[in-house]
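**Q** Once you've had a glance at the structure underneath, I'll fire off some questions.
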Amino acid sequence: MVTLVKGTASPTFNPLQKGTHTVTANYNGDVNYATSSATTTQTVNSGQG
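Mapping of the sequence shown onto the UniProt record's numbering: residues 1 to 49, in sequence order.
Below you can see the structure in the form of structure tokens.
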């Protein structure tokens, strides 16, 4: 879980091994904003592994 700070979430992925990784973000919503979800794929070309 990552906490929002001034509307921004800053996750840390350490260490990420070489390869393709799927990252999903979920927002539970509040009285002003609806729930939301998004998925992206990140490719690590160098690093551990």
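Just so you know, even glycine gets a beta-carbon here, dropped at the ideal spot from N, CA and C.
None of the values given here were measured: they were computed from a predicted structure.
1) Nearest CA to the CA of T43: which residue from V2, K18, V5?
2) Starting from the C-beta of N14, find all residues in its chain whose C-beta is less than 8 Å away, skip the five residues before and the five after it, and write them out in chain order.
3) For N26 versus S37, is the C-beta distance shorter than 7 Å?
4) For the putative contact between T40 and V23, defined by C-beta atoms under 8 Å, what is the C-beta separation to the nearest angstrom?
5) In chain order, what residues of the same chain lie with their CB nearer than 8 Å to the CB of H21, ignoring the 5 residues before and after it?
**A** On the basis of the supplied data:
1) Here residue 43 refers to the residue found at position 43 of the sequence shown. Looking at the Cα atoms, K18 is the closest of the given residues.
2) Walking along the sequence shown from the start, residue 14 turns up at place 14. Excluding residues within five positions, none has a Cβ falling inside 8 Å.
3) To locate residue 26, count along the sequence shown from 1; it is residue 26. To locate residue 37, count along the sequence shown from 1; it is residue 37. Contact flag set, yes.
4) For the purposes of this step, residue 40 is taken as the residue at position 40 of the sequence shown. For the purposes of this step, residue 23 is taken as the residue at position 23 of the sequence shown. Right, the Cβ-Cβ distance comes to about 5 Å (below 8 Å), so this counts as a contact.
5) Numbered from its first residue, the sequence shown carries residue 21 at position 21. Around H21, the same chain offers F13, T41, Q42, T43, V44 as residues with beta carbons nearer than 8 Å, after the five sequence neighbours per side are excluded.
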